[in-house]
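The block underneath contains the structure these notes are about, expressed in structure tokens.
Residue numbers (the working numbering), protein chains in the order written: chain A, 4 to 172; chain B, 4 to 172.
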């Protein structure tokens, strides 16, 4: 299959200049505020967005390169298939987070609960709608016994110089 | 900002050959089954995935081209900013759904609750984890009075020849 060309719509500003010490999920970054700086050519597309309390962000792990199909997540010490993790070094290099929208000022969105490196290219914003997006998932695989660690784990050098987000559960 | 190159990891098979009559959200496609056909070179990355009941899918609206910053969603008759909708004709052309995983057979994942056109390129699979991904969103903007229509609305020719998924709320 051919590669697809995708154009960023803006950039994510956060307090995190380096992966070390960064939360590994928005759950561990609940109080962390950041900004989405949208390219002015896309500003009109932000109409109506301030009616939503939460947004889905898709972004690009720009400091990752390459990928492994088996990875050892921060929250585990066993190798797992990359598609069963949120590891940044993945084939698509695309990351996903749901964040709280605080306010909009023109082409700038102020958000809370963000866990990516400053300068991360933003690919898309979608409204978060629980009726569509929240599921009663009765099984969370290998994360079952690990997911509660996420709020107190921060990243280390495991993916250093390769990952912009150390979010890999 | 430069365009980014993203390589699909597989393709989504569904019963939907054309947009007309297709559900506009997984909520309207709860019983619809499909398959993710993963490129064998990525198969190893599927390890551990069958422990999860729900998966996040990112895919590419390959039959969309171009975008509008203001769109009239199916569930509304007012123009809205594209980033406050799920319209397929959007700058990134990336779509997002949470689906149920039924079973895995080698490089093939059987899923339920899928609302995209057959042949849609799959960009990424991530485990759906309610602790990370489900939010108590107290505001869903213009969708507040419209979201309950989603299960009975199907698509029409509004985005015909342009959209592979008519999911735009």
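Even glycine gets a Cβ: it sits at the ideal position worked out from N, Cα and C.
Taking buried to mean at least 16 other C-beta atoms within 10 Å of its own C-beta, is residue i buried or exposed?
i	result
residue 16 of chain B	buried
residue 109 of chain A	exposed
residue 18 of chain A	exposed
residue 22 of chain B	buried
residue 7 of chain A	buried
residue 123 of chain A	buried
residue 144 of chain B	buried
residue 74 of chain B	buried
residue 141 of chain B	exposed
residue 163 of chain A	In this prediction, residue 163 of chain A has a pLDDT of 45, which is less than 50 and means its spatial position is unreliable; what the coordinates show is noted afterwards. Classification of residue 163 of chain A: exposed, given that the 10 Å Cβ count is below 16.
residue 167 of chain B	Only weak support is given to the placement of residue 167 of chain B: the predicted model assigns it a pLDDT of 42, under 50, and the question is left unresolved by the model.
Quick one, which of the options has its alpha-carbon nearest residue i's?
i	options	result
residue 91 of chain B	B:71, B:110, B:42 and B:102	B:71
residue 101 of chain A	A:10, A:51 and A:116	A:116
residue 66 of chain B	B:41, B:120, B:99 and B:11	B:120
residue 37 of chain B	B:114, B:127, B:138 and B:126	B:114
residue 35 of chain A	A:147, A:43 and A:25	A:25
residue 41 of chain B	B:107, B:64 and B:68	B:107
residue 57 of chain A	B:147, B:139 and B:148	B:139
residue 136 of chain B	A:11, A:39, A:14 and A:59	A:59
residue 68 of chain B	B:46, B:74, B:96 and B:80	B:96
residue 64 of chain A	A:75, A:5, A:78 and A:94	A:94
residue 33 of chain A	A:127, A:118, A:146 and A:125	A:118
residue 43 of chain B	B:9, B:13, B:126 and B:103	B:13
residue 39 of chain B	B:79, B:5 and B:103	B:103
residue 112 of chain A	A:148, A:141 and A:46	A:46
residue 99 of chain B	A:48, A:148 and A:127	A:127
residue 61 of chain A	A:147, A:48, A:11 and A:78	A:11
residue 148 of chain A	A:5, A:9 and A:79	A:79
residue 146 of chain A	A:20, A:76 and A:5	A:76
Just checking residue i against the ligand SAM - is the residue's beta carbon closer than 7 Å to any of the ligand's heavy atoms?
i	result
residue 53 of chain A	For the structure depicted, the ligand SAM is absent and the ligand set is empty, with no information on it obtainable.
With three or more beta-carbon pairs closer than 8 Å as the criterion, would you say the stretch 87 to 104 of chain A touches the stretch 130 to 143 of chain B? With the cut-off at 8 Å, the stretch 87 to 104 of chain A and the stretch 130 to 143 of chain B touch.
Give, in chain order, every residue of the stretch 115 to 145 of chain A whose Cβ lies closer than 7 Å to some Cβ of chain B. Of all residues in the stretch 115 to 145 of chain A, 124, 126, 127, 128, 129, 130, 131, 132, 133, 134, 135, 136, 137, 138, 140, 141, 142, 143, 144 and 145 have a Cβ within less than 7 Å of some Cβ in chain B.
So does the stretch 40 to 52 of chain B actually touch the stretch 64 to 84 of chain A, counting three or more Cβ pairs closer than 8 Å? Taking a cut-off of 8 Å on C-beta distances, the stretch 40 to 52 of chain B touches the stretch 64 to 84 of chain A, as three or more cross pairs fall below it.
Name the residues in the stretch 54 to 79 of chain A whose C-beta lies less than 7 Å from a C-beta of chain B; which are they? Answer set for the stretch 54 to 79 of chain A: 54, 55, 56, 57, 59, 61, 63, 72 and 73.
Under 9 Å (Cβ pairs) to chain B, residues found in the stretch 5 to 31 of chain A: Residues passing the 9 Å Cβ filter: 5, 6, 7, 8, 9, 10, 11, 12, 13, 14, 28, 29 and 30.
Jot down the residue ranges of each uninterrupted beta strand (DSSP E) in the stretch 22 to 88 of chain B, minimum 3 residues, whole runs only, in chain order. Counting only runs that start and end inside the stretch 22 to 88 of chain B, the beta strand (DSSP E) elements of at least 3 residues fall at 36 to 41 and 57 to 63.
Mind listing, in chain order, the continuous beta strand (DSSP E) runs of no fewer than 3 residues lying wholly within the stretch 83 to 149 of chain B? Listed in chain order, they are 97 to 108, 111 to 115 and 123 to 130.
Listed in chain order, which residues of the stretch 83 to 100 of chain B have Cβ atoms closer than 8 Å to some Cβ of chain A? Listed by position, the residues of the stretch 83 to 100 of chain B near chain A (Cβ gap below 8 Å) are 83, 84, 85, 86, 87, 88, 89, 93, 94, 95, 96, 97 and 99.
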